[in-house]
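These protein sequence lines map, in sequence, to chains A and B. Residue numbering for the first sequence follows this note's numbering, beginning at 23 and increasing consecutively. Residue numbering for the second sequence follows this note's numbering, beginning at 93 and increasing consecutively. All C-beta atoms in this analysis are idealised placements derived from N, C-alpha and C, irrespective of residue type, glycine included. All of these numbers come straight from a predicted model, not from anything done at the bench. The next block holds one structure in the form of structure tokens; read it before the comments.
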Amino acid sequence: MGGHDAELGVAVQRAQLGDEEAFAQVYRLVQPGLLGYVRGLVGDDAEDVAADAWLEIARDLGRFRGDGGGFRGWAATIARHQALDHLRRQQRRPRTYATEAELLELPDRQDTAGAALESLSTEQALALIRGLPRDQAEAVLLRVVVGLDAPTTARVLGKQPGAVRTAAYRGLRRLAGRLRREAGGTDGTDGTDGTTG
Amino acid sequence: MRRVEELSASRAAAWAAAVRGGDVVDPIQEGRALAAFREARDAGLHDRLRTRRRDDWRPGAPWRRRSARAAALGLAAALLAGGAAVAAAGSGGTPSPSTALGRPSEPRTDSHAPGPESAIRSLGLVADPAPTVSPAPTPSASASVQETATTKAQKKKAQKEVRKDATAQRAGRPYDRHPAQPRAQAKEKPASKGRRP
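Following this line, the structure appears as structure tokens:
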């Protein structure tokens, strides 16, 4: 994350000076995490919402001030506003596609936990977080998927860093429990689950 | 334990990669973003549009200064509350530090329990453990500040008592303005100052 953020900061500066190739690099560095975050918020319409966010980012690029990590936060804030506007227009809650149980039917491979998780589709990965309270899900998405630090995540969500740390901690703990169950118990023989709280 | 943490990190990383869709970007969407970038650049928007507060993500930008101010205000509020607690408990003996700080005095034995940050770090998800502002003062610093405030408040109170006693005695109406103040205690405190006849 840190290395990418340095690279991103340089690319953003060059793009602000008009370098199109640098903007392409910014897009490739930021879009996967941003799209993942928007997927967690709006589901199927994520591609369209993220595209709208990029139109705004491309237009307002000259306004931005900050480093690579700050740019991720700025872009995430724009994407979040687009997503919430979209949900308001749709007059609905973040959608779910199928029951969690259906989505979590993983291929019948019991070799290793790693192999089972490698086979996780985007849909299945999102299903794991969908049952979490909204604040926990957003905190986890922003910190783990977008790669923001706690203060930046707090600014995106308009909360105090302490509240974000707690939400991310609780969300990750629940997510870790679900991931363990996903792995099919192949590693459950080690006797501990690594959580103390 | 270490093995479990490493396993959790790989799982969470696999989950995040799945949510990001394998870090692949759609070339058509990228082309649209680039077209929007060119259009804005060629229209001079990147030079013309001004930076708003929400576009400033530099360290030391207003949002960070605000949070520092908020932390300072919080500390001031805690000190004031401490002073008030001392004044209120004036005749009821020495207030415990936890009461003065306005905190519940429940015993905390989980000093070794992992906090949110350590949990996230243990999952290996945060490259840099966010070396940013720590708004809360350390317990020892807070205690010594509190102690100073308490001592000052007690000194002031004692001096006030001396003046009131003297005034009341000169007027021949001892303590009638302060019926709630037991005479014994009023004598007790100034005695240490050595200013009472």
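Boundaries (first-last residue) of the alpha helix (DSSP H) holding residue i
i: Thr-144 of chain A; result: 144-152
i: Arg-187 of chain A; result: 183-204
i: Ala-172 of chain A; result: 172-179
i: Leu-137 of chain B; result: 137-140
i: Asp-157 of chain A; result: 156-162
i: Gln-113 of chain A; result: Taken as a continuous stretch (DSSP letters only), Gln-113 of chain A belongs to no alpha helix (DSSP H), as it is neither H nor E.
i: Arg-133 of chain B; result: 119-134
Residue i (DSSP reduced to helix, strand or coil)
i: Asp-70 of chain A; result: helix
i: Asp-41 of chain A; result: coil
i: Leu-30 of chain A; result: helix
i: Ala-101 of chain B; result: helix
Rounded separation between residue i and residue j - CA only
i: Ser-102 of chain B; j: Asp-27 of chain A; result: 21 Å
i: Asp-8 of chain A; j: Gly-92 of chain A; result: The requested residue 8 of chain A is not part of the displayed model; chain A covers only 23 to 219.
i: Gly-123 of chain B; j: Val-111 of chain B; result: 22 Å
i: Phe-129 of chain B; j: Ala-68 of chain A; result: 21 Å
i: Asp-82 of chain A; j: Asp-115 of chain B; result: 25 Å
i: Arg-61 of chain A; j: Arg-150 of chain B; result: 28 Å
i: Arg-85 of chain A; j: Ala-72 of chain A; result: 19 Å
i: Leu-154 of chain A; j: Arg-196 of chain A; result: 8 Å
i: Gly-169 of chain A; j: Gln-112 of chain A; result: 28 Å
i: Arg-152 of chain A; j: Ala-108 of chain B; result: 14 Å
i: Ala-135 of chain B; j: Leu-141 of chain B; result: 11 Å
i: Ala-190 of chain A; j: Gln-35 of chain A; result: 31 Å
i: Leu-109 of chain A; j: Ala-44 of chain A; result: 32 Å
i: Ser-234 of chain B; j: Ile-100 of chain A; result: Because Ser-234 of chain B sits at a pLDDT of 43, beneath the cut-off of 50, its placement in the model cannot be relied upon, and the following sentence gives the value as read from the coordinates. Those two C-alpha atoms are separated by around 39 Å.
i: Ala-106 of chain B; j: Ala-33 of chain A; result: 27 Å
i: Leu-51 of chain A; j: Arg-94 of chain A; result: 9 Å
i: Val-64 of chain A; j: Leu-57 of chain A; result: 10 Å
i: Asp-139 of chain B; j: Leu-150 of chain A; result: 43 Å
i: Gly-152 of chain B; j: Arg-203 of chain A; result: 43 Å
Under 9 Å by beta carbon: chain B residues contacting residue i
i: Leu-201 of chain A; result: Ser-100, Arg-103, Ala-104, Ala-106, Trp-107
i: Gly-180 of chain A; result: The premise fails here: Gly-180 of chain A is roughly 10 Å from chain B at the closest Cβ pair, so nothing lies under 9 Å.
i: Leu-148 of chain A; result: Ala-110, Val-111
i: Gly-92 of chain A; result: Asp-148, Trp-149, Arg-150, Pro-151, Ala-153
Residues that residue i contacts on chain A, provided the C-beta gap is smaller than 7 Å
i: Arg-130 of chain B; result: Glu-42
i: Arg-144 of chain B; result: Arg-85
Interface partners of residue i on chain B, CB under 7 Å
i: Arg-81 of chain A; result: Ala-128, Ala-132, Leu-137
i: Gln-53 of chain A; result: Val-117
i: Val-167 of chain A; result: Ala-108, Val-111, Arg-112
i: Ala-73 of chain A; result: Gln-121, Arg-124
i: Arg-152 of chain A; result: Chain B residues near Arg-152 of chain A: none, gap ~11 Å exceeds 7 Å.
Beta-ladder partner(s) of residue i, from DSSP
i: Asp-148 of chain B; result: A:Arg-87
Chain B residues whose Cβ lies nearer than 8 Å to that of residue i
i: Gln-261 of chain A; result: Examination of residue 261 of chain A is not possible in this model, given that chain A is present from 23 through 219 alone.
i: Leu-57 of chain A; result: Arg-112, Gly-113
i: Ala-46 of chain A; result: Glu-122, Leu-126
i: Glu-160 of chain A; result: Within chain B, no residue comes near Glu-160 of chain A; the closest Cβ sits about 13 Å away, beyond 8 Å.
i: Gly-62 of chain A; result: Val-111
Residue i at chain C interface by Cβ criterion, 8 Å
i: Thr-175 of chain A; result: In summary, chain C is missing from the structure at hand, where the protein chains are A and B.
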